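Going down the list, the protein sequences come from chains R and H. Throughout the first sequence, residue numbering follows my numbering, covering 1246 to 1408 in sequence. Throughout the second sequence, residue numbering follows my numbering, covering 1246 to 1408 in sequence.
2 protein chains.
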Amino acid sequence: METRRIDPVNCSVARALSVVGERWSLLIVREALDGARRFGEFHSRLGIARNLLATRLETLVTAGVMHRVPYQEPGDRQRFAYELTEQGRALRPTLVALLEWGDTYLADPQGPSVIVRHRPVDDASSCDEPVKVVLECAAGHSHLAPEDVCRTPGPGARFVESS
Amino acid sequence: METRRIDPVNCSVARALSVVGERWSLLIVREALDGARRFGEFHSRLGIARNLLATRLETLVTAGVMHRVPYQEPGDRQRFAYELTEQGRALRPTLVALLEWGDTYLADPQGPSVIVRHRPVDDASSCDEPVKVVLECAAGHSHLAPEDVCRTPGPGARFVESS
DNA sequence: TTTGTGAGTTTAGTTCTTCAACTCAGGCCG
DNA sequence: CGGCCTGAGTTGAAGAACTAAACTCACAAA
Chain R
1246 METRRIDPVN CSVARALSVV GERWSLLIVR EALDGARRFG EFHSRLGIAR
1296 NLLATRLETL VTAGVMHRVP YQEPGDRQRF AYELTEQGRA LRPTLVALLE
1346 WGDTYLADPQ GPSVIVRHRP VDDASSCDEP VKVVLECAAG HSHLAPEDVC
1396 RTPGPGARFV ESS
Chain H
1246 METRRIDPVN CSVARALSVV GERWSLLIVR EALDGARRFG EFHSRLGIAR
1296 NLLATRLETL VTAGVMHRVP YQEPGDRQRF AYELTEQGRA LRPTLVALLE
1346 WGDTYLADPQ GPSVIVRHRP VDDASSCDEP VKVVLECAAG HSHLAPEDVC
1396 RTPGPGARFV ESS
């Protein structure tokens, strides 16, 4: 029996992974979300090889996830730092989802090492409660279980035949 | 100035990525969420090399993301299929987050190829509306922006000195 | 007995990672 | 000026991971 399925290769997950799916990429983004900006900061926090870090940063810049900004310490020459773009900051939910999954299934016996809290950097009034990622549909049904959702073809779907 | 930071290596994101961060792993999980069960299905849907698929499936089984289940087609010998465990199905939010990010920033000009909808497989009564991933804190504040959250040390945190 | 099929395994070649050593540009000290 | 220091990379060699294609294995059907 022949069926038509959504082409699994023409998919935003695959495209997203081609940008941030390489080893270290998401960890670099995570450190950037946590305030790292300079080559040496990423290097010492992550222990990544320098040449790989250089190529990863370049890839992320090219992809529009980060951008290079010049900076100059007083009494030092100009150097470059790396900051997330809006596109890069938008990876936060992905990282929170991964964190939550890791906490749930691969936790340190001591408990999670990181808790993500509701606390804007520049606003002391926030509630400080732990943050979770939830699935919510456009009709407002929230906290959907993984089983309660399914994939359907969208406007850009390509199809492939399969047996 | 010396500061103490959360050890970036002792982190659930890093641990999660050590399980599902290899090339293909998340795509295999995605196909499994979409119903793929057999070696040949994963192979033909993804176009992954057979030996890699074999090692990835083994890794995922070892990690507890999938499990091997025997099956037997009528008039055929027993073979094995691969199904997600609860731990594997729990990766759905991560994949939805990646999908959303890819749709937003790397979309096909035609629009998204896949839309995730609120529709349990075995329940025709559901609303069918598109599903999004949202950040929500324990106090009920929902739809938090990426900037409105920050990382804080949890019970299992290790610390490292840094300059 | 030959042919076919799904599920892998083997092998050879290419690409990616790692680690260590090296370069480069400017600032600082004597 | 000349030597030394620092941050930010670059280069190169060795090892690990990935790809593609051919091969095996156990059974079933003709």
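Heads up, the beta-carbon is just placed ideally off N, CA and C, and yes, glycines get one too. A quick note: this is a predicted structure, and the numbers were derived from the prediction, not measured.
Closer than 7 angstroms at the beta carbon, the chain H residues around residue i
i       : result
R1260/R : G1347, L1351
S1370/R : In chain order: nothing, as chain H lies at least about 12 angstroms away.
R1290/R : P1253
Residue closest to residue i, alpha-carbon to alpha-carbon, out of the options
i       : options                            : result
E1276/R : I1273/H, R1295/H, C1256/H, S1289/H : C1256/H
A1342/R : H1363/R, V1314/R, S1370/R, K1377/R : K1377/R
Q1355/H : E1303/R, P1398/R, L1297/R          : P1398/R
Y1327/H : S1358/H, S1263/H, A1299/H          : A1299/H
L1380/H : D1367/R, H1363/R, A1383/R, D1373/R : H1363/R
E1368/H : R1250/R, E1392/R, V1405/R          : Sequence inspection shows Asp at residue 1368/H; the Glu mentioned does not correspond to that position. Among R1250/R, E1392/R, V1405/R, the Cα nearest to that of D1368/H is on E1392/R.
P1315/R : R1283/R, E1303/R, P1338/R, P1253/R : R1283/R
P1375/R : V1394/H, H1388/H, D1373/H          : V1394/H
Q1323/H : I1273/H, L1340/H, P1338/H, R1313/H : R1313/H
G1401/R : D1353/H, R1396/H, L1291/H, G1385/H : D1353/H
I1251/R : A1390/H, L1305/H, R1290/H, W1346/H : R1290/H
G1333/H : V1361/H, L1297/H, I1273/H          : I1273/H
D1373/H : V1310/R, C1372/R, A1383/R, S1371/R : A1383/R
T1330/H : S1387/R, R1295/R, Y1350/R, T1307/R : Y1350/R
G1309/H : P1319/H, A1261/H, A1294/H          : A1261/H
A1259/H : V1359/R, S1370/R, G1385/R          : V1359/R
V1264/R : D1348/H, I1293/H, N1296/H          : D1348/H
M1311/H : I1293/H, A1281/H, S1371/H          : A1281/H
R1396/H : H1388/R, G1385/R, P1365/R          : P1365/R
Coil, strand or helix - residue i by DSSP
i       : result
P1354/H : coil
E1276/R : helix
E1345/R : helix
L1380/H : strand
P1398/R : strand
R1362/H : strand
G1253/R : The amino acid at residue 1253/R is misidentified as Gly; the sequence shows Pro. Three-state DSSP puts P1253/R in coil, outside helix and strand.
E1406/R : strand
V1265/R : helix
M1246/H : Its pLDDT being 42, under 50, M1246/H is placed unreliably by the model, and the measurement read from it follows with that caveat. Of the three classes helix, strand and coil, the one that applies to M1246/H here is coil, per DSSP.
Residue i: contacting residues in chain H (beta-carbon distance under 9 angstroms)
i       : result
V1379/R : P1338, V1378, V1379, L1380, E1381, S1387
R1268/R : L1262, G1266, E1267, R1268
Chain R contact residues for residue i, given Cβ-Cβ distances below 8 angstroms
i       : result
I1360/H : R1396, T1397, P1398, G1399
A1277/H : Those do not exist, as A1277/H stays about 11 angstroms from chain R at its closest Cβ, beyond 8 angstroms.
L1272/H : P1253, V1258, A1259, L1262
Beta-carbon neighbours of residue i, restricted to chain R and to distances below 9 angstroms
i       : result
E1374/H : C1382, A1383, A1384, G1385, H1386
R1282/H : Chain R residues near R1282/H: none, gap ~13 angstroms exceeds 9 angstroms.
Under 8 angstroms by beta carbon: chain H residues contacting residue i
i       : result
L1297/R : Neighbours of L1297/R on chain H: none; closest Cβ ~15 angstroms, over 8 angstroms.
R1403/R : S1358
Proximity test, residue i beta-carbon vs the ligand MN heavy atom, cut-off 6 angstroms
i       : result
Y1327/R : The ligand MN is absent from the structure shown, which contains no ligands of any kind.
In chain order, each alpha helix (DSSP H) run of at least 4 residues that lies wholly inside the region 1273 to 1342 of chain R: 1284 to 1291, 1295 to 1308, 1331 to 1334
Residues in the region 1317 to 1344 of chain R having any Cβ partner in chain H nearer than 8 angstroms: Q1332, R1334, A1335, L1336, R1337, P1338, T1339, L1340, V1341, A1342, L1343, L1344
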